[in-house]
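Chains L and D, in that order, are what the protein sequence lines are. 159 is the number that this note's numbering gives to position 157 of the first sequence; each next residue is one higher, with no gaps. 605 is the number that this note's numbering gives to position 431 of the second sequence; each next residue is one higher, with no gaps. For glycine and all other residues, C-beta sits at the position ideal for the given N, C-alpha and C.
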Amino acid sequence: MKNISRFKKILSTAVLVGLGLSSYAHANVTLLNVSYDPTRELYKEFDAAFAKDWQAKKGDVVDVKQSHGGSGKQARGVIDGLEADVVTLALAYDIDAIAEKAKLLPVDWQKRLPDNSSPYTSTIVFLVRKGNPKGIKDWNDLIKPGVVAVSPNPKTSGGARWNYLAAWGYALKQPGGDDAKAKAFVAELFKHIPVLDTGARGATTTFVERGIGDVLIGWENEAKLAVKEFGPDKFEIVSPSVSILAEPPVSIVDKVVDKHGTRAVAQAYLEYLYTPEGQEIIAKNFYRPRNATVAAKYAAQFPKLNLFTVDQVFGGWQKAQKTHFADGGTFDQIYQP
Amino acid sequence: MKSSFRHFWSSLGIALGILALTQPALAKTRAHKASTQGPTALEYQQRLDELEQRQKILERNIELKDEQEKEKAKERPIVKAGPDGISISSADGNNELRFKGLLQLDGRFFFERGGLSLNNTFLARRVRPWIEGKFFKRFEFRIMPDFGNNQVVLQDAYINTVIFPQLKAQFGKYKTPFGIENLQNEAFSHWTERGLTNQLVPNRDLGVMLHGEVLDGVFAYQIGVFNGVPDNQSADLDSNNAKDFVGRVFAQPFKKTSIEPLQKLGFGVAGTNGHQSGNEKTPNLASYKTAGQNTFFSFRNDGTPAGTTVANGDRWRVSPQGYYYYKGLGILSDYVVSSQGVTLGPDSAQITNKAWQVEASYIFGADNGYGQILPRKPLGWKHGGAGAFEVLARYGELSVDKDAFPIFADPTKSAQKAKEFGAGFNWYINQNVKLMVDFNQTRFDGGAKVGNRPTEYVIVNRYQLYF
Numbered sequence: 003m004k005n006i007s008r009f010k011k012i013l014s015t016a017v018l019v020g021l022g023l024s025s026y027a028h029a030n031v032t033l034l035n036v037s038y039d040p041t042r043e044l045y046k047e048f049d050a051a052f053a054k055d056w057q058a059k060k061g062d063v064v065d066v067k068q069s070h071g072g073s074g075k076q077a078r079g080v081i082d083g084l085e086a087d088v089v090t091l092a093l094a095y096d097i098d099a100i101a102e103k104a105k106l107l108p109v110d111w112q113k114r115l116p117d118n119s120s121p122y123t124s125t126i127v128f129l130v131r132k133g134n135p136k137g138i139k140d141w142n143d144l145i146k147p148g149v150v151a152v153s154p155n156p157k158t159s160g161g162a163r164w165n166y167l168a169a170w171g172y173a174l175k176q177p178g179g180d181d182a183k184a185k186a187f188v189a190e191l192f193k194h195i196p197v198l199d200t201g202a203r204g205a206t207t208t209f210v211e212r213g214i215g216d217v218l219i220g221w222e223n224e225a226k227l228a229v230k231e232f233g234p235d236k237f238e239i240v241s242p243s244v245s246i247l248a249e250p251p252v253s254i255v256d257k258v259v260d261k262h263g264t265r266a267v268a269q270a271y272l273e274y275l276y277t278p279e280g281q282e283i284i285a286k287n288f289y290r291p292r293n294a295t296v297a298a299k300y301a302a303q304f305p306k307l308n309l310f311t312v313d314q315v316f317g318g319w320q321k322a323q324k325t326h327f328a329d330g331g332t333f334d335q336i337y338q339p
Numbered sequence: 175m176k177s178s179f180r181h182f183w184s185s186l187g188i189a190l191g192i193l194a195l196t197q198p199a200l201a202k203t204r205a206h207k208a209s210t211q212g213p214t215a216l217e218y219q220q221r222l223d224e225l226e227q228r229q230k231i232l233e234r235n236i237e238l239k240d241e242q243e244k245e246k247a248k249e250r251p252i253v254k255a256g257p258d259g260i261s262i263s264s265a266d267g268n269n270e271l272r273f274k275g276l277l278q279l280d281g282r283f284f285f286e287r288g289g290l291s292l293n294n295t296f297l298a299r300r301v302r303p304w305i306e307g308k309f310f311k312r313f314e315f316r317i318m319p320d321f322g323n324n325q326v327v328l329q330d331a332y333i334n335t336v337i338f339p340q341l342k343a344q345f346g347k348y349k350t351p352f353g354i355e356n357l358q359n360e361a362f363s364h365w366t367e368r369g370l371t372n373q374l375v376p377n378r379d380l381g382v383m384l385h386g387e388v389l390d391g392v393f394a395y396q397i398g399v400f401n402g403v404p405d406n407q408s409a410d411l412d413s414n415n416a417k418d419f420v421g422r423v424f425a426q427p428f429k430k431t432s433i434e435p436l437q438k439l440g441f442g443v444a445g446t447n448g449h450q451s452g453n454e455k456t457p458n459l460a461s462y463k464t465a466g467q468n469t470f471f472s473f474r475n476d477g478t479p480a481g482t483t484v485a486n487g488d489r490w491r492v493s494p495q496g497y498y499y500y501k502g503l504g505i506l507s508d509y510v511v512s513s514q515g516v517t518l519g520p521d522s523a524q525i526t527n528k529a530w531q532v533e534a535s536y537i538f539g540a541d542n543g544y545g546q547i548l549p550r551k552p553l554g555w556k557h558g559g560a561g562a563f564e565v566l567a568r569y570g571e572l573s574v575d576k577d578a579f580p581i582f583a584d585p586t587k588s589a590q591k592a593k594e595f596g597a598g599f600n601w602y603i604n605q606n607v608k609l610m611v612d613f614n615q616t617r618f619d620g621g622a623k624v625g626n627r628p629t630e631y632v633i634v635n636r637y638q639l640y641f
C-alpha cells in the first residue's frame, strides 16, 4: 500500500511538472501591427484567423496588438520609436520614409513580398447621403456651388493623398487636361472641403456621424463599411468615372523583429495575407483581393472602374510625394486653412 | 344664338383685356406681398440647414484644432520645477537635463581642545550645483563640481552608457563602487560625517566600470578598473601606472516579494585589488580622520626618501556590508579590511587595517531608507505638518595594523585604534531641507607621547538644502 501511495505521489508530481513544462514549451508571442486608419475591422478579423492558424501549426500563442491612425502619422510614430513588428500602411511612401529616415528596414523592402508587397488594393469613391440630394456623379460635381465635401488631410493621412491624386488624375484625363488645370481643379475642390481630419476614419466619422458635408471622398472599403453599418437607407456609394488604384503595402520592420525575436512569426503573419484564407478575409472587409479565385467570388462587390496607378500618372510615390505633399509642394500652394 | 355668341365673344374679349391690363399690377402685388411676407418655409429650411452645417463644421474644426494642439503638446519639451529640482526633457523623454544642487552648511564645535589641529568653525561643507541628464535615451551623464570646504573640486564627471538596463558602461570620475556608506548620496546620509569604516574606503576615482541591476534591483553589480586611490581619498590623475580592479555585488532578495518587513533588507560584498607604489612627494598612502576631521593616523612623512613611508606593493580591500530598513527603523553596518604594502627605507611590510561599524536610527513621520527620506507631513503652517524626526546612534572601531608601528608610523603621533560612539538627531523639514545635530566621541589607543591621544568630543550641526 505504501508503495502504491508513493507511486501515486510520484505520478501526480510528474503530471503536474509535465503540465507546467508543456505550458512553457509553447511560447507566447506578441506582435505590434502599426496600420492606417480604416483597417481596424480587417485586421481584427485577420489577426484572430492568423493566431488560430499559427497556433495550430506551431503551437505558439500569438497576440497581435494593433495601432491605427493616419498613415503618415503612424509612419512618423515608427520613425520616432514606436516598436512595430509589422507595418501595414496606406501607401509605399510611408514605409519608404521608415526605411530611409530610421533605417529600420531595407530600402528594397517592397520586393520581398508578391505584388509589390501589397496583398490587397482599393480605390477612391464617393459616399453620399441617401438619394444623392446634390446629384453627385463625378469629380466635377464636387466643385459645384453649394457642395460640401469631406476628406482627411493629405499631410497626415495616406487615404487623403490617394483622394488628392485621384482628383488630380481625373482632371488630367479631361479633354485639354494638364497640370495647371489639374492644380486649379484640385485647388477648387479643397475650397469645398471645410474640414480636414487627420485620418480616414475620422473623416468618415465627420461625414457619417456628425452629419457634415454632402459627400465623403474616401476609400472604397471605408464607404462600403459605412453603408453596411449604417444601412443603405442612409448612404449610397457613387463611383466616379475615373479613380486611382490604391495599393496599400505591408512589411516587417527588420530591426524591431530582430530585437523582439519575432521575425519568423511576423513574416508568416504577412505571408498569411496572401493565402486564400487571408484573401477571403480581405474581400469580406471590402478590400479588393489579389487572389484571382477570391476576386472572382467577390466580383459583384467590386464594380469595374477606370483606374490609373500612381506610377502611370505621377511617376511613382517618391515623385508624387515630393511634388505634391512635401513642405512647399503643390498641396501647400493650393490649400490655405 | 347669333346675339348670344356675339355677347360671349365680347365678354371674353373684355375679360382678356382686363386680365392683360391687370396682370402687371397683380404680379407687382404678388412680389410686394412676397417681399413683405419674407422667405418661404423651404427657404427657411435651407437656411437653417446651412447654418447647422456651418455650426457643425465650426465645432468639428475646433475639435480638430484641440486634437492638433494636444498632439503638438506631446512634442513640446517638458519643463519641470519642483522639489526634485529643475528639469527640461524632450517630449519623448529620451533627452533630459536636470539641474540639481546640494548645500551643506555646518557648525563644528569641539568640547576639549587638547591635541586638536582644527578650530571650532562654521563652514560650507559641501556646495555642489550640478547638472545631469541623458541624450538619445542611452547616454547619461553628470558634471558635479564642489565649492565647499574652502576648495574647488570636480567631484563627478562621467558618461554612463545604457546598453541594456541590466548592462551599463560608465566612464569618468565617480565614486569607487566599494563602501556602502560612501556610495550613499551625501544628501541622504543620516550622519553629518560618515563613520570610521569609511576611512578605509576609496572615494572618487577615475575609471571605467560595467554595472547594472537585475530583476528590478533585486541584484546589482559593479565591476571596473580604476586608477586606484588610497583609503578615503579622491584623485583626478594616477600617480603610477598600476590600476585597481574593483567589484561589488549587492542583493535585496526580498525587494520584489510581498514580505514587507524584509523588502528593504540588502547585503553584499565588495573588493578591490591592485599594486600601488609611491614616492616621497606622492607617498600614495592614506591618513585617517575622526568625525571632527582631525587626523589621528598617518604614515611617517618628512618629505625625504629616508623619512617618508610610501606605498610599495599589493593593495587589496574587502568589505562585507548590508542594511535593513523597515518603516521607521534603519540599521546599516559594514566591515572593511584594507591592506597595503609599504616601504620606508630598507623596511617593507604589508599593513592591514580593519574597521567595522553599526549604525541604527529611527524616524518618526517618514519611512527610513538608504535613499531620500520623504516626510509624510512636511512642515507647513496651514496643514499642521511638522516634518519627520530621526534619532540615531552608532558605534565603530578602526584598528591600524600593529606592524605599522613604530617603523612606518609614529606611535607618539598616530593612534593604533579609534573607537567612535555617535548619537544624533535629524529634523527633516521637508524632502529638501533638513537640520542635523550629531555628537561624536572618539577614543584612541596610543597616538600620544604618553598614554593615549585625548578623546575627541565634537558636535556637528548642519543645515542642508538639497534639490
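Nearest by alpha-carbon distance to residue i: which of the options is it?
i       : options                            : result
G621(D) : A425(D), F470(D), E249(D)          : F470(D)
E454(D) : N475(D), A465(D), A247(D)          : N475(D)
A592(D) : Q242(D), R272(D), N626(D)          : N626(D)
V64(L)  : F288(L), W319(L), A268(L), F310(L) : A268(L)
D266(D) : I231(D), K308(D), I236(D), K274(D) : K308(D)
F473(D) : R378(D), Y462(D), I603(D)          : Y462(D)
Q242(D) : K54(L), G201(L), V150(L), F209(L)  : G201(L)
Q68(L)  : F187(L), P121(L), D39(L), D62(L)   : D39(L)
L174(L) : S124(L), R114(L), V244(L), N118(L) : V244(L)
G519(D) : P585(D), D488(D), G481(D)          : G481(D)
A331(D) : N415(D), T350(D), P549(D)          : T350(D)
P303(D) : E533(D), V327(D), A416(D)          : V327(D)
W555(D) : N604(D), N377(D), P479(D), N235(D) : N604(D)
D488(D) : S588(D), K576(D), G448(D)          : G448(D)
Could you check how far apart the C-beta atoms of residue i and residue j are, in whole angstroms? I think they sit under 8 Å.
i       : j       : result
T90(L)  : S37(L)  : 4 Å
T335(D) : F321(D) : T335(D) to F321(D), Cβ: 29 Å. No contact.
I214(L) : Q227(D) : 7 Å
F347(D) : D412(D) : The question names Phe, but residue 347(D) is Lys in the sequence shown. About 12 Å separates the two Cβ atoms, so there is no contact after all.
F48(L)  : I254(L) : No, F48(L) and I254(L) are not in contact; Cβ-Cβ is about 16 Å, not under 8 Å.
D199(L) : T208(L) : 6 Å
K132(L) : E238(L) : 6 Å
F345(D) : V382(D) : 5 Å
T123(L) : E249(L) : 5 Å
I'd like to confirm the pairing. Which residues does DSSP put opposite residue i in its beta bridges?
i       : result
V279(D) : Sequence check: residue 279(D) is Leu here, not Val. The partner list for L279(D) (beta bridge, DSSP) reads A298(D), Y637(D).
Y462(D) : F471(D)
R42(L)  : R42(L) pairs with nothing; no bridge assigned.
A248(L) : S124(L)
W164(L) : Note: W164(L) sits in no beta bridge, so no partner.
K347(D) : A331(D), L380(D)
W221(L) : I126(L)
R272(D) : S261(D), E306(D)
Are the CB atoms of residue i and residue j nearer to each other than 8 Å?
i       : j       : result
F582(D) : V511(D) : no
Q514(D) : L572(D) : no
G233(L) : G161(L) : no
A567(D) : A540(D) : no
G496(D) : G440(D) : yes
Y542(D) : K608(D) : Residue identity differs from the one stated: residue 542(D) is Asn in this sequence, not Tyr. For N542(D) and K608(D), no; Cβs fall outside 8 Å.
L247(L) : L115(L) : no
D390(D) : K342(D) : no
D508(D) : I333(D) : no
A444(D) : F352(D) : yes
V420(D) : G452(D) : no
K311(D) : N359(D) : no
Please determine whether the Cβ atom of residue i lies at a distance below 7 Å from any heavy atom of the ligand FAD.
i       : result
Y498(D) : Among the ligands in the structure shown, none appear at all, so the ligand FAD cannot be discussed.
Threshold first: 3 residues or longer. Then list the beta strand (DSSP E) segments lying entirely within the region 48-96 of chain L, N to C.
63-71, 88-90
Please go through the region 382-411 of chain D and give each complete beta strand (DSSP E) segment of 3 or more residues, from N-terminal end onward.
393-400
Mind pulling the alpha helix (DSSP H) runs of 4 or more residues that sit fully within the region 265-339 of chain L?
265-274, 278-286, 294-299, 312-316, 319-322, 332-336
Please give the ranges of any alpha helix (DSSP H) in the region 540-565 of chain D, keeping only runs that are unbroken, at least 4 residues long and fully inside the region.
none
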